[in-house]
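Peer 1: Anchor point for the sequence shown: position 180 equals 180 in full-length UniProt numbering, and the numbering is continuous, going up by one each time.
Backbone N, C-alpha and C define an ideal beta-carbon position, used for all residues, glycine too.
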Amino acid sequence: MSDGKKSIRWGYLPDEILTHIFTFLPIKSIIICTSVSKTWKSLIKNPTFISTHLHHSHNKNQNLGLLSVSRNDKQVYTLHKEDDFTEYTSFDSPFYAPHLQHLHHRTYYPCGTFNGLICLSYGLPNHAKEIFLWNPCVRKFLQLPSPDVTVDTHGACMSFGFGFDPKTNDYKVVRILSIFGRCLLTLHW
Numbered sequence: 001m002s003d004g005k006k007s008i009r010w011g012y013l014p015d016e017i018l019t020h021i022f023t024f025l026p027i028k029s030i031i032i033c034t035s036v037s038k039t040w041k042s043l044i045k046n047p048t049f050i051s052t053h054l055h056h057s058h059n060k061n062q063n064l065g066l067l068s069v070s071r072n073d074k075q076v077y078t079l080h081k082e083d084d085f086t087e088y089t090s091f092d093s094p095f096y097a098p099h100l101q102h103l104h105h106r107t108y109y110p111c112g113t114f115n116g117l118i119c120l121s122y123g124l125p126n127h128a129k130e131i132f133l134w135n136p137c138v139r140k141f142l143q144l145p146s147p148d149v150t151v152d153t154h155g156a157c158m159s160f161g162f163g164f165d166p167k168t169n170d171y172k173v174v175r176i177l178s179i180f181g182r183c184l185l186t187l188h189w
């Protein structure tokens, strides 16, 4: 181009435009995009992009309910639209891999969901022996360390809560315990 105009390579888009486009994609498509190039993966893994995408997803206001069901002797989690209860999507349990056989035949209960993460407990939530955070879109989970305060040592667990703390930019799992008839809020993870 001799008239002084800057040429742009075919197939190249500036990072700002790519980031804007990615913001509108569903998470499954974004995960596929991480395989396209190192540049795209870097943009998508950027904490600022993740925060922007989560904010955009919240503004869509899709209310989904999570259920745990058994299908063919395998635990499956399904998301349902809360307005008409139609199935939105389903996920196989994250614990059905050959190296996780010791976790296969357990029942896991959803304790809460937030930003696409699911908090699961092994055992009923009020007597949970183990707590896991699971991201079904990337098929990864994390077992949380056991708390010092347990049902055996301090009394019955009344409830669990799971959410995001913007002050620390981290997810939190909270338990409410009943100790000698008094409620106690404990932050463990």
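With distances taken between CB atoms, is the gap from Val174 to Phe162 smaller than 9 Å?
Peer 2: Start at 1 with the first residue of the sequence shown, and residue 174 comes out as number 174. Start at 1 with the first residue of the sequence shown, and residue 162 comes out as number 162. Yes; because the gap between Cβ atoms is below 9 Å, this pair is in contact.
Peer 1: Measuring alpha carbon to alpha carbon, tell me which of Asn115, Cys137, Thr19 and Leu133 ends up nearest Thr48.
Peer 2: Residue mapping note: residue 48 aligns to position 48 of the sequence shown, counting from 1. That would be Thr19, whose Cα lies nearest to the Cα of Thr48.
Peer 1: Enumerate in chain order the residues of its own chain whose CB-to-CB distance from Cys111 is below 7 Å, with the five nearest sequence positions on each side excluded.
Peer 2: To locate residue 111, count along the sequence shown from 1; it is residue 111. Only Cys119, Leu120, Ser121, Pro125, Phe160 and Phe162 meet the Cβ criterion.
Peer 1: Between which two residues does the beta strand (DSSP E) harbouring Lys140 extend?
Peer 2: Numbered from its first residue, the sequence shown carries residue 140 at position 140. Residues Lys140 to Gln143.
Peer 1: Let me know the alpha helix (DSSP H) ranges lying completely inside the UniProt domain "F-box" (7 to 53), each 4 residues or longer, listed in chain order.
Peer 2: Runs found: 15 to 23, 27 to 33 and 38 to 45.
Peer 1: Using a Cβ-Cβ cutoff of less than 7 Å, which residues in the same chain neighbour Ile31 once the five nearest sequence positions on both sides are dropped?
Peer 2: By one-based count along the sequence shown, residue 31 stands at place 31. Counting only Cβ-Cβ distances below 7 Å, and skipping sequence neighbours, we find Cys137 and Val138.
Peer 1: Keeping to the same chain, check which residues put their C-beta closer than 7 Å to that of Lys41; ignore five residues upstream and five downstream.
Peer 2: For the purposes of this step, residue 41 is identified with residue 41 of the sequence shown, where counting begins at 1. Contacts found: Thr34.
Peer 1: Using 8 Å for Cβ pairs, my map puts Leu54 next to Phe22. What's the rounded Cβ distance?
Peer 2: Indexing the sequence shown from 1 puts residue 54 at position 54. Indexing the sequence shown from 1 puts residue 22 at position 22. So it is not a contact: roughly 12 Å between Cβ atoms.
Peer 1: Could you spell out the range, first to last residue, of the beta strand (DSSP E) harbouring His110?
Peer 2: Working through the sequence shown from its first residue, we reach residue 110 at position 110. Checking the displayed sequence, the identity of residue 110 turns out to be Pro instead of His. Pro110 -> beta strand (DSSP E) spans Tyr108 to Phe114.
Peer 1: What residue from Trp134, Phe114, Gly116 and Asn115 has the CA that sits closest to Tyr108's CA?
Peer 2: Here residue 108 is taken as the residue at index 108 of the sequence shown, counted from 1. Of Trp134, Phe114, Gly116 and Asn115, the residue nearest in Cα terms is Trp134.
Peer 1: Using DSSP's beta-bridge definition, name the partner residues of Ser121.
Peer 2: Here the question's residue 121 lines up with position 121 in the sequence shown. Per DSSP, Tyr109 and Ile131.
Peer 1: Whose CA, out of Lys167, Val36 and Tyr171, lies closest to the CA of Phe132?
Peer 2: Taking the sequence shown and counting its residues from 1, the one referred to as residue 132 is at position 132. Here the closest residue by C-alpha is Tyr171.
Peer 1: Taking a contact to mean a Cβ-Cβ separation below 9 Å, would you say Ser52 touches Asp15 in this structure?
Peer 2: Counting from one through the sequence shown, the residue named residue 52 turns up at place 52. Counting from one through the sequence shown, the residue named residue 15 turns up at place 15. One detail in the question is off: residue 52 reads as Thr in this sequence, not Ser. No.
Peer 1: Rounded to whole angstroms, what is the Cα-Cα separation between Thr113 and Leu144?
Peer 2: The residue you call residue 113 lines up with position 113 of the sequence shown. The residue you call residue 144 lines up with position 144 of the sequence shown. Each residue's alpha carbon lies about 15 Å from the other.
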